[in-house]
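In the numbering used here, the protein residues as written are 1 to 208. In what follows, a structure is listed as structure tokens, so that the remarks can point back to it.
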């Protein structure tokens with residue numbers, strides 16, 4: 001501890017002095033432990049997938065315009081009355097898009113596609129088509145039967161969107177009430193009745 005003086009005699013005859021302190025200071029600084037944390041939050045981003053319906057005949061070869069559908073999510077389908085996400089969706093008759101219905105970009109979830117009007121000459125679907133979107137993939141079914149790999153089937157991918165084929169069976173169109181078909185049936189029935197009556201009268205007249 002303490003200090004000392006250092007003297008230096010220079011050649012020019014001058015003397016310089018330096019004060020050197022020898023004191024040493026020691027001690028302990030108390031401080032609380034400090035910890036640093038990096039907090040990360042992972043946010044799950046909902047991925048939407050573009051889905052298009054292609055309405056076709058039974059063998060999938062002929063696109064069908066004029067089919068009408070309503071689209072429901074799971075919550076809307078469970079309500080009474082049901083609440084549609086989109087209604088009155090009509091399969092296109094536009095060249096290059098015949099039979100298609102663009103549902104747009106769908107988030108993860110279960111959707112119900114309900115046909116409300118079939119194309120002319122085809123039977124209307126009696127059960128909904130169930131579409132499931134999950135993690136960028138799409139699957140669909142009807143009557144608890146997967147349609148992914150059947151004659152209907154899906155095509156496409158996440159980048160370009162998925163196309164789901166929905167088929168209709170050909171059916172016999174019933175004559176409309178009040179239409180020409182009804183009048184023809186009525187006329188035929190009347191003729192048969194009159195013919196049977198005339199035959200009965202002749203038999204009576206021929207009896208002795």
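For glycine and all other residues, C-beta sits at the position ideal for the given N, C-alpha and C. Since we're looking at a predicted model, the values are computed, not measured.
Of the residues 54, 131, 191 and 60, the one whose Cα lies closest to the Cα of residue 146 is 131. In this structure, residue 56 sits near residue 63, with a CB-CB distance shorter than 8 Å. Straight through space, the alpha carbons of residue 93 and residue 123 are spaced by roughly 19 Å. Bridge partners of residue 168 according to DSSP: 57.
Inter-segment contact for the segment 187–194 and the segment 81–89 is absent: fewer than three beta-carbon pairs are separated by less than 8 Å.
Residue 154 and residue 148 have their C-alpha atoms spaced approximately 5 Å apart. Of the residues 139, 73, 164 and 133, the one whose Cα lies closest to the Cα of residue 48 is 133.
Following the DSSP letters along the chain, one finds residue 105 inside the beta strand (DSSP E) bounded by residues 100–106. The Cβ atoms of residue 100 and residue 69 lie no closer than 8 Å to each other. By the neighbour-count criterion, in which a residue is buried when 16 or more other Cβ atoms sit within 10 angstroms of its Cβ, residue 75 is exposed.
Between residue 108 and residue 135, the CB-CB gap stays under 8 Å.
Counting only runs that start and end inside the segment 108–169, there is no alpha helix (DSSP H) element of at least 4 residues. The three-state secondary structure of residue 194, taken from DSSP, is helix.
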